[in-house]
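Numbering (full-length UniProt numbering), first residue to last: 1 to 152. Notes follow the structure.
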Amino acid sequence: MLTIDDESLLPAFEQEEASNSSPRKVIDDTRTVYGSRKLGLPKDALWGQPVLCEFGEARTGPGPHKGLIQPELYRAPEVLFEMGWDSSADIWNVAVMIWDLFQGRHLFHALDEDQDVSATHHIAEMMAYIGSPPPLEYLRRSQVTKHVFDEK
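Listed below in structure tokens is the structure:
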């Protein structure tokens, strides 16, 4: 989770919620689950500081594990490629978060032309920083990669 430094995003978000409520599911007298709503981009596309929270998706044991984890901007390549992952995904996550903290901006934005989060754009940004595609042996570990890379 990231803090919101640009509070100018909130009035439009609140107005949209007031006029077009998010879907919700009442679990019991004390809990209601609300559907997500896009917040929009802050000025200069800069979000606030990361906050450690929400350990409900935490996994224990050596892995490999399956499924999506991590906030979208911090997802490790093996998570984006839907490969099995282990604690190395956490190392990637922390490293990208440290970059954000020290640079005061996000390393990756992972947004397509419609400002929607895109794993393909995220991977392209990673490759732009690294300078080359991942090794073929790595790419062959996933069925998803054939939609992004060819054998060359």
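Beta carbons: idealized from backbone N, C-alpha and C, even for Gly. Small disclaimer: the values here were computed from a predicted structure and weren't measured.
For residue j and residue i, the rounded distance between their alpha carbons
{"i": "SER118", "j": "ARG31", "result": "31 Å"}
{"i": "LEU10", "j": "HIS106", "result": "21 Å"}
{"i": "ARG141", "j": "TYR74", "result": "21 Å"}
{"i": "ASP100", "j": "LYS43", "result": "16 Å"}
{"i": "GLU17", "j": "GLU7", "result": "16 Å"}
{"i": "GLU125", "j": "LEU80", "result": "13 Å"}
{"i": "ASN20", "j": "GLU137", "result": "48 Å"}
{"i": "GLU14", "j": "PHE55", "result": "27 Å"}
{"i": "PHE102", "j": "ASP90", "result": "18 Å"}
{"i": "CYS86", "j": "VAL94", "result": "Rather than Cys, the amino acid found at residue 86 in this sequence is Asp. Near 14 Å, if we compare the C-alpha coordinates of VAL94 and ASP86."}
{"i": "GLY84", "j": "ALA58", "result": "15 Å"}
{"i": "SER132", "j": "VAL33", "result": "42 Å"}
{"i": "PHE108", "j": "THR120", "result": "12 Å"}
{"i": "ASP29", "j": "SER22", "result": "19 Å"}
{"i": "ASP150", "j": "THR3", "result": "39 Å"}
{"i": "ILE130", "j": "LEU139", "result": "15 Å"}
{"i": "ARG24", "j": "ALA12", "result": "20 Å"}
Residue i versus the options, residue with shortest Cα-Cα distance
{"i": "TRP92", "options": "ASP150, GLN70, SER21, GLU125", "result": "GLN70"}
{"i": "LEU52", "options": "ASP28, SER22, MET1, TRP99", "result": "MET1"}
{"i": "VAL96", "options": "HIS122, ASP86, GLU151, TRP85", "result": "HIS122"}
Beta-carbon spacing of residue i, residue j below 9 Å
{"i": "GLU82", "j": "VAL144", "result": "yes"}
{"i": "PRO50", "j": "PRO134", "result": "no"}
{"i": "TRP47", "j": "ASP112", "result": "no"}
{"i": "LEU68", "j": "GLN115", "result": "no"}
{"i": "ALA110", "j": "GLU72", "result": "yes"}
Test: residue i CB closer than 9 Å to a CB of chain C
{"i": "ASP28", "result": "Absent from the structure is chain C; it holds one protein chain and no more."}
Exercise. Taking one C-beta from the stretch 59 to 76 and one from the stretch 20 to 38 each time, how about it: are there three or more such pairs within less than 8 Å?
Worked result: Taking a cut-off of 8 Å on C-beta distances, the stretch 59 to 76 does not touch the stretch 20 to 38, as fewer than three cross pairs fall below it.
Exercise. Which runs of the alpha helix (DSSP H) fall wholly inside the UniProt domain "Protein kinase" (1 to 152) and span at least 4 residues, in chain order?
Worked result: Counting whole runs of 4 or more residues, the UniProt domain "Protein kinase" (1 to 152) contains the alpha helix (DSSP H) stretches 10 to 19, 77 to 80, 87 to 103, 119 to 130, 136 to 139.
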